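Same order as they appear, the protein sequences are chains A and B.
If you're matching positions, the first sequence starts at 1 in my numbering and goes up one per residue.
If you're matching positions, the second sequence starts at 262 in my numbering and goes up one per residue.
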Amino acid sequence: MKKSFGYVKAGWPPILAVFLLLLLWQGATMIFQIEDWILPSPLAIVQEGINQAPQLGKHLLATLKITLLGFAIGSGIGLVLAFVLHSLPMIRRAIYPLLIVSQNIPTIILAPLLMIWFGFGLLPKMILITLICFFPVTLSTMTGLAQTDPQMKRYMMMIGANRKQIFWKLELPNSLPSIFSGLKISATYSVMGAVISEWLGAKEGLGLYMLRAQSSFHTDRVFVTMFIIVLMSFAIFGLITFIERRLIGWRPSNEGREGAK
Amino acid sequence: MNTDTYALELQQISHTFSDRQKSVHVLDKISLTVNKGEFVSLIGPSGSGKSTIFHMIGGLLTPSSGEIYINGRQVTGEKGLISYMPQSSSLFPWRTVEENVGLALEVEGMSKKQTLQLAREWLPKIGLGGYEQAYPHMLSGGMQQRVAFLRALLSNQELICLDEPFGALDALSRLEMQNWLLSVWEEYQRSVLLVTHSIDEALLLSDKIYVLSDKPAVIAKEIVVPLERPRHEEMMVRSEYLQVKQQILSLLKNRQT
Ligand SMILES: Nc1ncnc2c1ncn2[C@@H]1O[C@H](COP(=O)(O)OP(=O)(O)OP(=O)(O)O)[C@@H](O)[C@H]1O
Ligand SMILES: [Mg+2]
């Protein structure tokens, strides 16, 4: 009861802020008579969104598909890589600097190369999204694994736990909060990665739709796609937060202990 | 007495920690024994190496010299032969109370279902009925210590090592926990090695007390507690109790100055 009320209480200031901003925007376009192809008004954008809904559905679905697939593959690889690097310190020392370097290569440069090498199918898109979103997961997972309480680890060793037991019973659960913060960053990156990969060659998808709208000066459609992409990021973020709450139910709440009864 | 009657025997354990800059000689020829079913305490000034001794018994550290025997077998450096309650309770915050209790058994290879069943059977016996599903952060310090103790008690190892189990508690709950431990132990007699700073705690609970000197620690004295069982708090005012207490106190004082 109290908790849901808390959400409402925490939710209204940003909602109000966004509402005021939209109001201001609408007012400005009306007062200053800004041309539609420069800055369409929010109402015009909503109108265009409704008109375009049938086509948009198809594109949204296509983008959502490669986003989720790419995110699953990328974060999966990120997790496994973190586990491997954590348990093999020698390899960690060899590969870690390479990983950091790899993160300094701009995606925008990498993308055309991938298209040249792998064509326009699903594969280069998956590679691109994976490259963009494995790193936050790897980094946060490794940090989480390394932050295991040494006292707890010592306890596990004294009672005779082997490496496998220490990993599954102590290190992994201990790093879950950290893993989830990595997953959340990766999720937003993967939406971005999916759209970029569609710019470079796709038969459908929001990236392609946006590109077409832009080249025909349909600025309102560009805004529609933008809002849809933002909403999609939000939705994925929310889903991950939901799973996180489910899995990490033990964390003491900020409100203190009296909430328990 | 034959060596395999001892649940634990330390023979001439010495240890020096060394790193690049300096080396610290911590333990010097420590020998002690714990009989089966005996409650033995180790008392000594802070930093004298008590936790270090436990880390050696647990196989975490290999002594510079000397040997460790459990049930007559040479086990120096072997892990997983004792049940242990660390100086900090070390409960896992993501496990419920019952899951925490079952942890040591899980590591020993029991199925999770069985460990939970056992934990549910036992929690009411230590006054924690109804807290099976609670997380450690919802419990008081004393309750957490009881959970950590039960985790150690249920483990199938013969020897229980308790490293200052009540060090973090206030005087009153400490006394309460000592009485509680006393009653549990008198019912289920296991071999116990207890580290403590409190002379009263050692005297009230143990059959035998080893007094350690300051670094490098040697066994300053082995004292057999002259009190019969079952023990109660009223014994703490007896003259023989006060005499032994005085003796330990002066031992600790002498070595420190
Ligand atoms: N890994 C280590 N490296 C170097 N010195 C250490 C190490 N571990 C412990 N020591 C030293 O060994 C001594 C004994 O430490 P230990 O933790 O065993 O003391 P203790 O008797 O348990 O103290 P307390 O009663 O405060 O818990 C201390 O002086 C400490 O500085
Ligand atoms: Mg200690």
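Beta carbons are placed, not taken as given, at the ideal position from N, Cα and C, and that holds for glycine.
Source: prediction; values computed, not measured.
In this structure, what does DSSP give as the bridge partners for residue i?
| i | result |
| --- | --- |
| Thr357 (chain B) | Paired residue(s): none; Thr357 (chain B) is not in a bridge. |
| Leu286 (chain B) | A quick correction: the sequence has His, not Leu, at residue 286 (chain B). For His286 (chain B), which the question treats as bridged, DSSP gives the partners B:Thr277. |
| Ser302 (chain B) | B:Leu455 and B:Ile470 |
| Asn296 (chain B) | B:Tyr267 |
| Met346 (chain B) | B:Leu423 |
| Ile291 (chain B) | B:Ile274 |
| Gln335 (chain B) | B:Tyr330 |
Taking residue i as part of the alpha helix (DSSP H), name the residues at either end of that continuous run.
| i | result |
| --- | --- |
| Met404 (chain B) | Gly402 to Leu415 |
| Asp424 (chain B) | No alpha helix (DSSP H) holds Asp424 (chain B); the beta strand (DSSP E) holding it covers Leu420 to Asp424. |
| Ser140 (chain A) | Leu122 to Ala146 |
| Met232 (chain A) | Thr219 to Leu247 |
| Trp250 (chain A) | Careful: Trp250 (chain A) lies outside any alpha helix (DSSP H) and carries neither H nor E. |
| Phe167 (chain A) | Careful: Phe167 (chain A) lies outside any alpha helix (DSSP H) and carries neither H nor E. |
| Ile109 (chain A) | Thr107 to Phe118 |
| Ile159 (chain A) | Neither: Ile159 (chain A) is in no alpha helix (DSSP H) and is coded neither H nor E. |
| Thr67 (chain A) | Pro42 to Ser87 |
| Gly310 (chain B) | From DSSP, Gly310 (chain B) is part of no alpha helix (DSSP H); its letter is neither H nor E. |
| Gly207 (chain A) | Leu206 to Ser215 |
Quick check on the burial criterion: 16 or more other C-beta atoms within 10 angstroms. Buried or exposed for residue i?
| i | result |
| --- | --- |
| Gly57 (chain A) | exposed |
| His493 (chain B) | exposed |
| Phe242 (chain A) | exposed |
| Ala463 (chain B) | buried |
| Ser511 (chain B) | exposed |
| Phe71 (chain A) | buried |
| Lys2 (chain A) | The pLDDT assigned to Lys2 (chain A) is 48, lower than 50, so where the model puts this residue is not dependable; a value taken from the coordinates is nonetheless given after this. Exposed, by the Cβ-count rule. |
| Ile460 (chain B) | buried |
| Pro106 (chain A) | exposed |
| Ala235 (chain A) | exposed |
| Glu17 (chain A) | According to the sequence displayed, residue 17 (chain A) carries Ala and not Glu. Flag for Ala17 (chain A) reads exposed. |
| Gln406 (chain B) | buried |
| Ala10 (chain A) | exposed |
| Thr531 (chain B) | Residue 531 (chain B) is absent from the model: chain B starts at 262 and stops at 518. |
| Tyr449 (chain B) | exposed |
| Leu513 (chain B) | buried |
| Ile45 (chain A) | buried |
| Arg281 (chain B) | exposed |
| Phe217 (chain A) | exposed |
| Arg245 (chain A) | exposed |
| Ala409 (chain B) | buried |
| Ser452 (chain B) | buried |
| Arg435 (chain B) | buried |
| Ser438 (chain B) | With the sequence shown as reference, residue 438 (chain B) is identified as Met, and Ser is not the correct amino acid for it. It counts as buried. |
| Asn361 (chain B) | buried |
| Lys386 (chain B) | exposed |
| Ile304 (chain B) | buried |
| Glu359 (chain B) | buried |
Please confirm whether residue i and residue j have their CB atoms less than 8 Å apart.
| i | j | result |
| --- | --- | --- |
| Gly327 (chain B) | Leu271 (chain B) | yes |
| Thr143 (chain A) | Ser186 (chain A) | no |
| Glu198 (chain A) | Leu208 (chain A) | yes |
| Ser302 (chain B) | Leu455 (chain B) | yes |
| Ser351 (chain B) | Gln151 (chain A) | yes |
| Gln26 (chain A) | Pro40 (chain A) | no |
| His276 (chain B) | Ser307 (chain B) | no |
| Val295 (chain B) | Tyr267 (chain B) | yes |
| Ile132 (chain A) | Gly193 (chain A) | yes |
| Leu442 (chain B) | Leu466 (chain B) | yes |
| Ile127 (chain A) | Phe118 (chain A) | yes |
| Glu501 (chain B) | Pro491 (chain B) | no |
| Phe315 (chain B) | Cys422 (chain B) | yes |
| Ala82 (chain A) | Thr141 (chain A) | yes |
| Ile484 (chain B) | Val498 (chain B) | no |
| Thr138 (chain A) | Ile73 (chain A) | no |
| Ile159 (chain A) | Ser344 (chain B) | yes |
| Trp12 (chain A) | Thr219 (chain A) | no |
| Gly76 (chain A) | Phe135 (chain A) | no |
Residues of chain D with CB closer than 8 Å to the CB of residue i, please, in chain order.
| i | result |
| --- | --- |
| Trp168 (chain A) | No chain D is part of this structure, whose protein chains are labelled A and B. |
Between which two residues does the beta strand (DSSP E) harbouring residue i extend?
| i | result |
| --- | --- |
| Ser326 (chain B) | Ser326 to Ile331 |
Q.
Suppose only complete runs of 4+ residues qualify. What are the alpha helix (DSSP H) ranges in the region 450-498 of chain B, listed by chain order?
A. 460-466
**Q.** Unbroken stretches of the alpha helix (DSSP H), 4 residues or longer, contained in the region 360-398 of chain B
**A.** Counting only runs of 4 or more, we get 373-383.
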